[in-house]
Structures are given as C-alpha cells and as structure tokens.
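First to last, the protein sequences are chains A and B.
For the first sequence, the residue numbers in the numbering used here are 9 to 225.
For the second sequence, the residue numbers in the numbering used here are 22 to 477.
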Amino acid sequence: MPQDRDPGPDAARTANHAGIERLMDTLLPSLIAKLATLHVGELEVREGDWHVRLRHPAGVDGDLGRRAGDRPSQRGHAGHDAVGAPAPARTTPVGPGPSAAATASTNGTQPALAPVGPGRAVDGAPAHEDGSGQATAHGPIALSPAVGIFQPGSAAIAGTRVRAGERLGAVDMLGIPQDVLAPADGIVTSIMVEAGTAVEYGQELVGIEATAGSEAR
Amino acid sequence: MFSKILIANRGEIALRILRACRTMGIDAVVAYSEADRDSLAVQLADEAICIGPPDARRSYLSVPAIISAAVVTGCDAIHPGYGFLSEDETFAEVVRAHDLTFIGPPPEVLDRFASKEGTRRLLGGFGLPTIPGSVGMIRDDEHALAEAERIGYPVLIKPSAGGGGKGMRMVRTPRELESAIKVCRSEAKSAFGDDSLYLEKWLDDTRHVEVQVAVDRYGHGVQFGERDCSVQRRHQKILEEGPTTALTPAARAELNERAIRAVVAAGYENVGTLEFLVDAEGKAYFIEINCRIQVEHAVTEMLTGMDLVAMQIRIAAGEPLGITQADVQTRGHAIEFRINAEDPAHEFRPGAGIVERYHAPGGPGIRMDSHLFPGYEVPPFYDSLLGKLVVWGPDRATAVERGRAALDELVVEGIVTNVEIHKALITSETFLEGRMTTNLLDRVGSAAFLAAAART
Numbered sequence: 009m010p011q012d013r014d015p016g017p018d019a020a021r022t023a024n025h026a027g028i029e030r031l032m033d034t035l036l037p038s039l040i041a042k043l044a045t046l047h048v049g050e051l052e053v054r055e056g057d058w059h060v061r062l063r064h065p066a067g068v069d070g071d072l073g074r075r076a077g078d079r080p081s082q083r084g085h086a087g088h089d090a091v092g093a094p095a096p097a098r099t100t101p102v103g104p105g106p107s108a109a110a111t112a113s114t115n116g117t118q119p120a121l122a123p124v125g126p127g128r129a130v131d132g133a134p135a136h137e138d139g140s141g142q143a144t145a146h147g148p149i150a151l152s153p154a155v156g157i158f159q160p161g162s163a164a165i166a167g168t169r170v171r172a173g174e175r176l177g178a179v180d181m182l183g184i185p186q187d188v189l190a191p192a193d194g195i196v197t198s199i200m201v202e203a204g205t206a207v208e209y210g211q212e213l214v215g216i217e218a219t220a221g222s223e224a225r
Numbered sequence: 022m023f024s025k026i027l028i029a030n031r032g033e034i035a036l037r038i039l040r041a042c043r044t045m046g047i048d049a050v051v052a053y054s055e056a057d058r059d060s061l062a063v064q065l066a067d068e069a070i071c072i073g074p075p076d077a078r079r080s081y082l083s084v085p086a087i088i089s090a091a092v093v094t095g096c097d098a099i100h101p102g103y104g105f106l107s108e109d110e111t112f113a114e115v116v117r118a119h120d121l122t123f124i125g126p127p128p129e130v131l132d133r134f135a136s137k138e139g140t141r142r143l144l145g146g147f148g149l150p151t152i153p154g155s156v157g158m159i160r161d162d163e164h165a166l167a168e169a170e171r172i173g174y175p176v177l178i179k180p181s182a183g184g185g186g187k188g189m190r191m192v193r194t195p196r197e198l199e200s201a202i203k204v205c206r207s208e209a210k211s212a213f214g215d216d217s218l219y220l221e222k223w224l225d226d227t228r229h230v231e232v233q234v235a236v237d238r239y240g241h242g243v244q245f246g247e248r249d250c251s252v253q254r255r256h257q258k259i260l261e262e263g264p265t266t267a268l269t270p271a272a273r274a275e276l277n278e279r280a281i282r283a284v285v286a287a288g289y290e291n292v293g294t295l296e297f298l299v300d301a302e303g304k305a306y307f308i309e310i311n312c313r314i315q316v317e318h319a320v321t322e323m324l325t326g327m328d329l330v331a332m333q334i335r336i337a338a339g340e341p342l343g344i345t346q347a348d349v350q351t352r353g354h355a356i357e358f359r360i361n362a363e364d365p366a367h368e369f370r371p372g373a374g375i376v377e378r379y380h381a382p383g384g385p386g387i388r389m390d391s392h393l394f395p396g397y398e399v400p401p402f403y404d405s406l407l408g409k410l411v412v413w414g415p416d417r418a419t420a421v422e423r424g425r426a427a428l429d430e431l432v433v434e435g436i437v438t439n440v441e442i443h444k445a446l447i448t449s450e451t452f453l454e455g456r457m458t459t460n461l462l463d464r465v466g467s468a469a470f471l472a473a474a475a476r477t
C-alpha cells in the first residue's frame, strides 16, 4: 500500500525514535488494516509532528463501484486487487437474460428497484426467477452504483447508441465519482434522473433499448 | 439540537432510534442495504435511502456510503446504533470532518478508550479494580508464556479490539497457550483487522455485571445502576436482568458509585457501559467499557423510566445532562430475553427465512422491541437478533412470572428461534435462585437445560 510520505528506515534513525517506532509498529499496521476494512479512499492521521496519509492503490473508485458479488472471504487486499482491475463489460444486477438471474441470489437484488423515498420494493413485481419479462417491458436500465449525486455523461442523451460497459455518467459519492455503466448494448431511451439530483444505491438512472450485441458493433 | 438524523443501522435498534427521534421531534432518515428494503424501519420511516448491497462491508460498514447518504439527505447527525461502526473512532473522525455529528462519544474520547488494555490501565488509575493481566500486548510466544507464568494459569487470551467472543480462548497450560495464540490472532485479524492480543487471569465461576452511565460534555455524570448479564453462551449474552443477584445492595451501590467516579475522572462522554466480572466472593473487577448504546439498555430504561437513546442524542448535541444522581431512581426488577433466530437444539445454528406468524406479548410491565412482522423475511446476512422481550415487575419473582407468561404468549412461526432456551432458563433452579455464572450454559450445556425443562 503506497504512502504519500514514507517514514522509511532512514528517517527512522533520525530524530524522535520513539515516535517513529510507534508509528511503524503500531499505528501503520492498524491504519492499513483499518483502510482495508473501511472502504474509504484515503485516510489521514496526525500524530504529533507526524502526518500520515494512506491511499488505496488504484484509488477507491474501482473498488467502490464494483458489484457486491465478492464474498466476505475475499477480504482486504486480494479482494480489492481482484475487483479493482478495469472491467469494461461489467455485469449489472438487473437486466435481461439468464446471467442476471443467476447472480441475483448473491446480490439480493429484485427485478426492479424503487426510487428514492420510503424505499419500498415494487410490490407488484412478481418474484419470478425469470426477470426477463420485466426487462423486456422496460428495457435494460443502468442503475446507480452508489448513494450520491448523479451527473450524466455525454453518452446519456436519448438516441445515443451505447455499448455494454460504456460510461453513461457518474454518481458523485463524497467527491469520488462512481461510474454509471450501460448494462447492455443498445440505444439510450431516457434519462430518468436530472443532473445534480441525489440518488440512492440501485436507483434506476438511464433507460436503454437493447439491441443485439452484433448489431451494436 | 439536530434537525435531521441518519440512522445507520438496521433491525430493532433502527426502530428504537427512529422512535426516539419521533419523540424528540427530530426528522430521521433510515439508511438501509438492499437486503433490508422491506424492513419495518424502512416502512415506518418518513424517509429512507438505500446505501448499498446486502454485504455489510458495502452498506452498514461503508463509511463513504453512510456519510454520502447523510449529506445528500440533509442530515446533520448520524446515529450508528450498536455493532457496525458504533465504536469506530476513524468513522467518528470522518463524520466530524464532513461537519456532521457522530451520536456517541467524540472521536478523541473513542480513541482514548479504544484499547481494552489501555482502558483497564486508565480506569485502574482512577480507582477501579482490574483483573491481573499482561503488561501491554503480547509480543511473541515467549513473551506470552512468561506473562502467563507470572499471572498464573488458567489465563484468558483476549483481542484488544472488538467483542462478541471472537479471538478469545481460555487456556490452562503453556502448551494450550501456544497453539491458541495462533488461532486467536487469525480470528481477531479477520474479525477486527487487528490481531493484537493480551492475557488476563481467568476467574472461574464469575458473574458479569455492568454499570450504565451517562456523562455530558461538561463533565457531569450519573449512573443508572447495574445489569447482570451472566447468562451467556460462548461469551454472547442471551439474557440480562437488573438489579444483579450477585451483589448485596451495599456492594451494588459502591460499585455503581466507583464506576461513575472513575469514568468521569477519565474524561468519558455520552452514554456508556462499564463491564465487570464478579468472583464468587463478590469482588468486582473492571474488564472493559462499551462506548455505545447496548442491546440490553432497555433493562435500565424499564428500571429507571428514562430514555437512554434520547439522552445519547441530547449529549451528542452538546446539551447538559439536565439531571442529577438524585433524579435517578431505580424501581423493581427487569429481565430481558434476547430472541434470536438460532436453534438451541442444534448448537444455536443461525437461521433465516420468512416469519409466517408473529404475535408480541402484552400486559403490565411487558415491552417487546422487535422489527418482526408477519411476512417479514429474515435476511441471512446479519446477526440473528429478532427482538428483545423485556419484562418488569415490582420484584424479581413477579418479573419472572411475567417473563414466563410473556414467553408463552410470544408467537414467532416460520423461522427457528431460541425461545425454548429462555423458557428452560427461567424455570431452572439456578436462575430462580440467582446463581447463574457466565459458564453456566457452556458447562452444563444447552441440551441439558432443554431436556430438564422438557421433564417438568
């Protein structure tokens, strides 16, 4: 895990031995562990004259914007690295086809997600394993990857042809942009939320009319 | 006072906090994971916001998601409940950095009490007796062996962080110590991200007694008496009551007074609990402080008539306590039964599923804090607490009678619960005579309790 200021072995032999030793032995390991469990991008601590800042290797957006599919066993570093790699064709939890239905059990997602508000599930939505009926009626929908403020991107205009995994905008979570990605190849039909609006996790943001993968290319 | 509070928790405590906010005329937003979309707290809330997927690390444990939810919904404070981020000083620090208030002790206070070993030394210095233990954290096996030798076997290996019995082992020999340290380190590491361990002298047949306190920002503190949490299973409390049957009234008064004096002197702030082990001779040893509202706070509320969650919110808002010790009068006896989705007949294996029927008992002195409703699906992702049945009576015998009737009246169908173990406990001689020790269930075995109850 890289650090902005590296209180390396050389520095450790200069002034304030006790402080540095404490920093290295107790503070740093616990900070690193803390950073891994907290899922914040950056952690900064002042300790006397010392000032330590820890940051996630790839920035936090790659991690936070990821699907929830990774299990608790993939804790800490390995988990981050595994999911932090660029994934242009990210699968979304909601969408047509058998793959979405297969992941639904671990994600706990429903065929449709309610908008911001009291957050009730769509009661009318039948709990069929086959979510495709729902998806055919409305087309695939890009969902919010985080709770924050929605900012549509240049591709989020009705009529724009997009590819699966293409960036349609971002949800700003405390200054960290989380990409909103197209769940399938298709044509943007509607922008469901205005720019600058607060959105919750899983909220429907951009509607898409699916086209067959080959046609999109 | 705050205008709007984000409730960053789930289950019965999310409801409890929502109710406190309503009473105080404060708006509340319930932050929930996708697994809790249909939860009672979300249904009853005026406003709710989904913060992430079921995996708690990306929802209830995600600092950016929770703070972002508070910011976009216009909250000025965050109530963390218990568990999750409730005692995390880094979270409290980040909350403050976003101009929000963490409802609990301020970050520097959480930091001061973060290490159990450090807290023992701190409060020991202010007059609380502590259990003999290792000086500082265990460095390596040799250090551990030397310290254990000095303290005398048996010793208890304890993690500096966390709770809930993870990373804890009692060992009787050097050989056991060496192998247990490795297990404890890895358990503590994966549960709390911190593998520092220390040793404590193991006391046989102890009682667990804890003192509820509240201290405001201005150093004014009161105690609300003690709770007895001796009925545990593998270091997890399942039944709590107050007052304790382990101490005489004079000894209880002395313990409570010493606790509040020490914690005020040490600079604590907000509601908190000081936990003690009481040995067979009635001598109490301080073990740790809980810097949060606890599951069993309702016992104290029944005994004192006070609203501890409201008090917690007021203290965090900077208000003075507004009461003195003389205003705190405990009356009668209260017992709390934790109703968990666990199967006592099968090693308390946790269960999940749909609640087909649910009926909460009623009557004088009965309180049921639960997020259950018929048709509710208990998600498999979180802890197994389904609710707390709390009963009050003018004396212990009446509380026990009411408890027995209320447990019989309670209906939870469709999922497995631990209600049978409570029925067995409350009719057992050991409990009726008030002689429960923390090792009772683990020593006798839950199966023996159930079998004994079945015979009567």
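Ideal Cβ placement from N, Cα and C applies to all residues, glycine included.
Output yes or no for whether 8 Å exceeds the beta carbon distance between residue 147 (chain A) and residue 199 (chain A).
no
Grouping DSSP H, G and I as helix and E and B as strand, with all else coil, what is residue 284 (chain B)?
helix
Going by C-alpha distance, which of A:155, A:178, A:151, A:172 is nearest residue 162 (chain A)?
A:178
In angstroms, rounded to a whole number, what distance separates the CA positions of residue 177 (chain B) and residue 228 (chain B)?
15 Å
Decide if residue 203 (chain B) is buried, meaning its Cβ has at least 16 other Cβ atoms within 10 Å, or exposed.
exposed
Cα separation between residue 247 (chain B) and residue 283 (chain B)?
15 Å
Taking a Cβ distance cut-off of 8 Å, strictly less, list which residues of the region 96 to 108 of chain B are near chain A, in chain order.
none
When B:172, B:217, B:327, B:360 are compared against residue 44 (chain B), the one with the closest alpha-carbon:
B:327
Residues in the same chain with beta-carbon distance under 7 Å from residue 239 (chain B), minus the five sequence neighbours each way, listed in chain order, please.
341
Would residue 181 (chain A) pass as an interface residue toward chain B - the criterion being a Cβ-Cβ separation below 8 Å?
yes
If you draw a straight line from the alpha carbon of residue 361 (chain B) to that of residue 164 (chain B), how long is it in whole angstroms?
40 Å
Indicate the three-state DSSP secondary structure (helix, strand or coil) for residue 126 (chain B) in the structure shown.
coil
Count the other CB atoms within 10 Å of the CB of residue 255 (chain B); is the residue buried (16 or more) or exposed (fewer)?
exposed
Between the alpha carbons of residue 458 (chain B) and residue 298 (chain B), how many angstroms are there, rounded?
10 Å
Under a three-way DSSP split, which group does residue 389 (chain B) fall into?
strand
Can you pull the DSSP bridge partners for residue 48 (chain B)?
B:25
Residue 186 (chain A) by DSSP, collapsed to three states: which one?
strand
If contacts are defined as beta-carbon pairs under 8 Å, then residue 173 (chain A) and residue 154 (chain A) qualify, I think. What distance do you get, rounded to the angstrom?
With a Cβ gap of about 17 Å, residue 173 (chain A) and residue 154 (chain A) do not count as contacting.
Which residue from B:91, B:87, B:421, B:436 puts its Cα closest to that of residue 262 (chain B)?
B:421
Roughly how many angstroms lie between the CA atoms of residue 40 (chain B) and residue 377 (chain B), to the nearest whole one?
25 Å
So, with DSSP's three-state summary, where would you put residue 291 (chain B)?
strand
Reduced DSSP secondary structure (H/G/I, E/B, other) of residue 311 (chain B):
strand
Could you spell out the range, first to last residue, of the alpha helix (DSSP H) harbouring residue 220 (chain B)?
That residue, residue 220 (chain B), is in no alpha helix (DSSP H); its beta strand (DSSP E) goes 218 to 222.
Does the CB of residue 205 (chain B) have a neighbour CB from chain A at under 8 Å?
no
Kindly list the residues whose CB is nearer than 6 Å to the CB of residue 97 (chain A), restricted to its own chain and excluding five residues on each side of it in sequence; keep chain order.
With a pLDDT of 31 at residue 97 (chain A), under the threshold of 50, the modelled position of that residue is not reliable, and no figure is offered here.
When you compare each of B:454, B:388, B:462 to residue 431 (chain B) by their alpha carbons, which one comes out closest?
B:388
So residue 157 (chain A) contacts chain B; which residues on that side make the cut at Cβ distance below 7 Å?
93
Using a Cβ cut-off of 8 Å, pull out every chain B residue sitting near residue 208 (chain A), in sequence order please.
70, 71, 72, 90
Local conformation of residue 419 (chain B) per DSSP, three classes:
helix
Residue 374 (chain B) and residue 364 (chain B) look like a contact to me (Cβ under 8 Å); what is the Cβ gap, rounded to whole Å?
Residue 374 (chain B) to residue 364 (chain B), Cβ: 12 Å. No contact.
Have a look at the DSSP bridge pairing and note the partners of residue 160 (chain A).
A:177
Residues that residue 406 (chain B) bridges to, as DSSP identifies them:
B:361
Look at the Cβ atom of residue 3 (chain B), then the Cβ atom of residue 356 (chain B), and state whether they are nearer than 8 Å.
The requested residue 3 (chain B) does not occur in the structure, where chain B is confined to residues 22 to 477.
What three-state label does DSSP hand residue 441 (chain B) in the structure shown?
helix
Spatial neighbours of residue 141 (chain B) in its chain, beta-carbon cut-off 6 Å, leaving aside the 5 residues before and after
151
Tell me the rounded alpha-carbon separation between residue 347 (chain B) and residue 279 (chain B).
16 Å
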